[in-house]
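Enquirer: Here the sequence shown stands for residues 1 to 978, numbered as in full-length UniProt numbering.
Cβ atoms here follow ideal geometry from the backbone N, Cα and C, with glycine treated the same way.
I'd like to ask you about the structure that follows.
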Amino acid sequence: LASNAALISNNNNNINGSQSYRLLIGFQAPWNISYPFSAQRLGSAIQIAVEKVNTNPSFLGNYSLDFVYKETDCDPKLSLGGFIHQVWTENVTALFGPACPEEAEVTGLLASTWHIPMFGFVGQSSKMDNNEIYDSYIKVIPPLKRSSEVLVKTLEFFGWRHVAMIGGGLETNTWDKVDALWKTIEDKLRARFRLTAEVKFDTSNPKLVYQNVKYISTVARIVVLTNREDSMALLLEAERQGLMNGDYVFFLVQQFEVDNFWKFVMNKINQTVLRAFDMTFIIGQKSYDRYEYYDFFSQVFQRLKGQPFQTNLTSESEVSPYSAYLHDAVLLYAMGLKEVLKDGKDPYDGRQLLQRLKNKNSIRFYASGLVHFDEEGERYLDYSIYDLQHVEDKTKFVPILHFESESKNIPTSMFGSVVWPKGRPPTDMPECGFNNELCTWLTNITMLAVLVTFPFIGVVGILFIGVLMLQKFKLQTRLDDSCWWIINYSEITIIRDPSGTQGLSQSSSGSQSGSSSCHTNFSSNSFDLRDKTGREHIYTTIGLYQGNQVAIKYINNHVNFNFQKPSVISEFHIMKEMKHENLVQFFGVCIEPPTVCLVTQYCKKGSLNDVLKSSDVDLDGMFKLSFAYDIVNYEFVAEMYWTAPELLRHVGLPLYGTPKGDVFSFAIIMWELMYNAKAGPYQDINLDPKIIIQLRIPFQGEPLRPVLSDQLCDEKVNALLKACWSEKPDHRPPFASIRRRLKSISPEHANILDSMVDKLEKYANHLEEVVEERTNQLTVEKARADKLLSSMLPYIADQLMSGKSVEPQSYDMVTIFFSDIVGFTSMCSVSSAMEVVTFLNDLYSLFDDIIKMYDVYKVETIGDAYMVASGLPISNGNKHALEISTMALHFLAAIKIFKIPHMPNEGLAIRIGIHSPVVAGVVGTTMPRYCLFGDTVNTASRMESNSLLKIHISQSTADILVLAGSFEMEERGEIEMK
């Protein structure tokens, strides 16, 4: 199917004056058309992809692709032999396939060893998920576990916990993949849910189909199918048995887009088939409309008729869905190869290519949908849950839920609506269980009547008694508390009144003047009547009542006032119940003349009016503007003592004033607020108040207004005041305009509470950012420490970090490597210390880079000695001697081209010794080390010290290498060693 040359220089076909080259890729798939991934069902997909790459210079430039096909018939031996032939003879640069899982497991090991990229376009077994073994394998099709994750999230979304599985295969020799998907889903369901039944059988037998569907309906309401080929027979039988009535739900799990399944259904479409999908959800890959591959399967079908496949397929539905993944695998290979060539790397180095494909951020649309890989080489592909619905005169599968592979989550709300036959999703089991095991007690009607009647009578009786007792309690409480609000004035001890009189106490005949026959002195400091500066602030009469400091407000106009009125008592009750830390507590009323007064909780800072008029309190502009803003918003009520001049000129004042007059009054109050005017707005005018009031007409054309100063107040506030107390009422702004102007003057401080909350939110957000930053720094430092510890003490680092001790271990299958530098002592004698250190650092860095390519563990370096082991701390079977020996050969080859920095003309030689096995353990706790002990270590060291500038191995190591058959060895003969 292709030429035998993998890379051909074509001097006759130049592109922009440069040579063109052709790269050959391998393709393996069974020819037998009974396989769903037969070459006769999908082979032309690789042709289409190769042609796209070759006809589009943006892919590979002057490189082109061709492919060579190998028919393997799902035989691992044929696949392995074919791959070796394709590499050695055809010189292929990549392998697409094998399609069968058992072939891929074997061939993938060799591809990984040779670092040849291998693309899997068919779902494989779980063994292929081991990325350490199959490190050159990249899966274009999502792993099977992804389908099970979608099913689990969907079941959890609907709250279903009891599930069953049913299905099988039409031809067991072609549906191993179905078995793998079944096993993956079964393990997931068994771990997360209650799996009530697993029924697997030959679905080609109608009798078995009837019997097993009948059985499954008695043990489960939620049923899972994993094979779309036999799903039709099972769903049709379920419809015939009446399981599509809304009590049962069927899930069909598949790997492909639902469009492929719809084509399969369309071949058998009728009303019965449509009813069979009434309660069936399809889990498949998310579909993407309106992209260039909408007719891809039609192209594959047409190309399969021609050379070299010449298939006899009769319809497009027989084309394998895997053809899309084969096509995309070739395009992905070309995309990675383009970057390798762009960086000047070897196109035959599969590791370079795969490194550019894994965890690639770019996302592209190809034939199989969105293409995006994680760092493990697994593909991210979103899934959808589909329901068959009739939309716009068409019947089609509609997505109702979406599963995002990267986050592994389903949104909390449904993407589309579902028409449930019974108006709601069914439960996962009947109310009384499948065998009425939850409702057996209901069969005894007498017992049911007793269990229902007697508790009902008891509850009614308890409620009746409770209501009677509650009414009696309320009546008694009302009688007891009817006079709670009356306070005997003699029970109040007067501490201080605003006039300065001090010490009036316990007087039954006392008055607000303070006269009393019994006199007791109290210090203001005893009752905390001073502020932080030590000044006294007495705003009202202060006393003690039942151990509480109280404020006393005397009522002068109490004649003919009835305190016993129900409305007044009701208001007293409301005031008593209003208890909050921000409200003044009400204690009661003294009703005996002449000491009629209200008794409330004392607040030593006085009222808001006292705060505003206090000479000791200097409020900033934010607070003042906030008070003004609250007055405008009706959140702060102030008595309007100031009357507009136009109202004073009228003979009779309007009862409720005018809106424009209120604006004038607000302006005077705001002036007092902003200028801290305790003596009033006209304190600087030497006129009596009566004369000021009589100046209703502007004096000499100028209206009488308070004095404004741009030094004491913001000029914008002054402008607002002038507008509000304008002599012409029509020129005064309405309160809505005042509100906007106040907000524009101080938009951030229009409200004290909002300002404080805003500042607290900003501070909290800043703290969160600081905490997050410190946490990230701590995480990074911890990761560095863990990485350093793990590199020093391999896999036992976790045990040490958790405080556990590490027991020494004996390893039988281990090989030790020692090397030292020939003439190192002489070199040190003629070199400076810095030159020796630089030389050793360069050499050991070279060695460290080499050992990364092998399954070995670097134990330590002491001076010019370099010690390496294989087979520990993680055993690698019989590979230890091969890994060490191959690495030693690599060392010898590397030092031939190594240049000593300060002696570039001097050659470098090393002695190497190898031997097996060893004992290993951790020594010390303050500075722990992973050490090796035993005769093997000593023997390997002696092998090195007696080496002849070559690789000196012991007899035990030689025996292992002889079995491997890949090394040439020469006996040295007997030598004397310590």
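Output the distance between the C-alpha atoms of S819 and I862, rounded to the nearest integer angstrom.
Expert: One C-alpha to the other measures close to 10 Å.
Enquirer: Near A888, which residues of its chain fall below 7 Å by C-beta distance, leaving aside the five closest residues on each side in sequence?
Expert: F817, I912, I914, I951
Enquirer: May I have the straight-line CA-CA distance separating E906 from M827, to the nearest angstrom?
Expert: 10 Å
Enquirer: Measure the C-alpha to C-alpha separation of F967 and S885 and round it to an integer number of angstroms.
Expert: Going by C-alpha positions, F967 is about 9 Å away from S885.
Enquirer: By the three-class DSSP mapping on this structure, what secondary structure does E976 have?
Expert: coil
Enquirer: What's the C-alpha gap between E761 and L767?
Expert: E761 and L767 have their C-alpha atoms spaced approximately 10 Å apart.
Enquirer: Which class does Y210 belong to by DSSP, given the choice of helix, strand or coil?
Expert: helix
Enquirer: Whose CA, out of V140, L963, I900, lies closest to the CA of H880?
Expert: Of V140, L963, I900, the residue nearest in Cα terms is L963.
Enquirer: What first and last residue would you give for the alpha helix (DSSP H) that runs through H880?
Expert: 880-896
Enquirer: Rounded to the nearest angstrom, what separates D179 and L225 at their Cα positions?
Expert: The straight-line gap from Cα to Cα measures roughly 12 Å.
Enquirer: Label R228 either buried or exposed according to how many other C-beta atoms from any shown protein chain fall within 10 Å of its C-beta, with 16 as the threshold for buried.
Expert: buried
Enquirer: Taking DSSP as the reference, what is the three-state secondary structure of Y866?
Expert: strand
Enquirer: Just the Cα atoms here: how many angstroms apart are T272 and T395?
Expert: 14 Å
Enquirer: Since F96 contacts L326 with CB under 8 Å, what's their CB separation in whole angstroms?
Expert: 6 Å
Enquirer: Based on DSSP bridge pairs, tell me the residues matched to residue 982.
Expert: Any question about residue 982 goes unanswered here, given that the chain covers just 1 to 978.
Enquirer: Kindly indicate the opening and closing residues of the beta strand (DSSP E) around Q285.
Expert: 280-285
Enquirer: Tell me which residue opens and which closes the beta strand (DSSP E) that I953 is part of.
Expert: 951-953
Enquirer: Cα separation between L331 and L892?
Expert: 41 Å
Enquirer: Which same chain residues, not among the five before or five after V340, have their C-beta less than 8 Å away from its C-beta?
Expert: D346, P347, D349, Q352, L353, R356
Enquirer: From S64, L80, T314, pick the residue whose C-alpha is nearest to that of K338; which is it?
Expert: S64
Enquirer: Taking the alpha carbon of V418 as the point to measure from, which residue in F627, L949, F297, L388 has its own alpha carbon closest?
Expert: For V418, the closest C-alpha among the options F627, L949, F297, L388 is that of L388.
Enquirer: Just checking, does the region 774-784 make contact with the region 838-845 on the three C-beta pairs under 8 Å criterion?
Expert: no
Enquirer: May I ask you to report which of helix, strand or coil DSSP gives F587?
Expert: The DSSP-derived three-state label of F587 is strand.
Enquirer: For I116, I'd like the list of residues in its chain whose CB is within less than 7 Å of its CB, leaving aside the five on either flank, ordered along the chain.
Expert: Only residues of its own chain outside the window of five on either side were considered, and among them V87, A94, L95, S136, G350 have a CB closer than 7 Å to the CB of I116, listed in chain order.
Enquirer: Inspect the CB distances between the region 51-68 and the region 147-161 and report whether three or more fall short of 8 Å.
Expert: no
Enquirer: Buried or exposed, going by whether 16 or more other CB atoms sit within 10 Å of the CB of C518?
Expert: Because the pLDDT of C518 is 34, which lies under 50, any placement of that residue in the model is unreliable, and the number read from its coordinates should be weighed accordingly. When all chains shown are included, C518 counts as exposed.
Enquirer: Return yes when the Cβ of I953 is within less than 8 Å of the Cβ of H890, no when it is not.
Expert: no
Enquirer: Determine the contact status of M128 and A104, defining contact as a CB-CB distance below 8 Å.
Expert: yes
Enquirer: When you compare each of P729, A45, Y489 to F301 by their alpha carbons, which one comes out closest?
Expert: A45
Enquirer: Taking its Cβ as the centre, do 16 or more other Cβ atoms sit within 10 Å of P101, making it buried, or is it exposed?
Expert: buried
Enquirer: To the nearest angstrom, report how far apart P734 and Y682 are at their CA atoms.
Expert: 25 Å
Enquirer: Is V50 closer than 8 Å to K59 when the C-beta atoms are compared?
Expert: Strictly speaking, residue 59 in this sequence is Phe, with Lys absent from that position. Cβ atoms of F59 and V50: not closer than 8 Å.
Enquirer: Please check the pair G43 and K70, which I expect to be a contact at CB under 8 Å, by giving their CB distance rounded to whole angstroms.
Expert: At roughly 12 Å, the Cβ-Cβ gap does not stay under 8 Å, so G43 and K70 are not in contact.
Enquirer: Since residue 980 is in the beta strand (DSSP E), which residue starts that stretch and which ends it?
Expert: Nothing can be reported for residue 980: it is not among the residues displayed for the chain, which extend from 1 to 978.
Enquirer: Looking at C-alpha atoms only, which residue of E772, V584, V859, Q285 is the closest neighbour of A324?
Expert: Q285
Enquirer: Quick one: give me the first and last residue of the alpha helix (DSSP H) that T89 is part of.
Expert: Segment: none, T89 is in no alpha helix (DSSP H) and carries neither H nor E.
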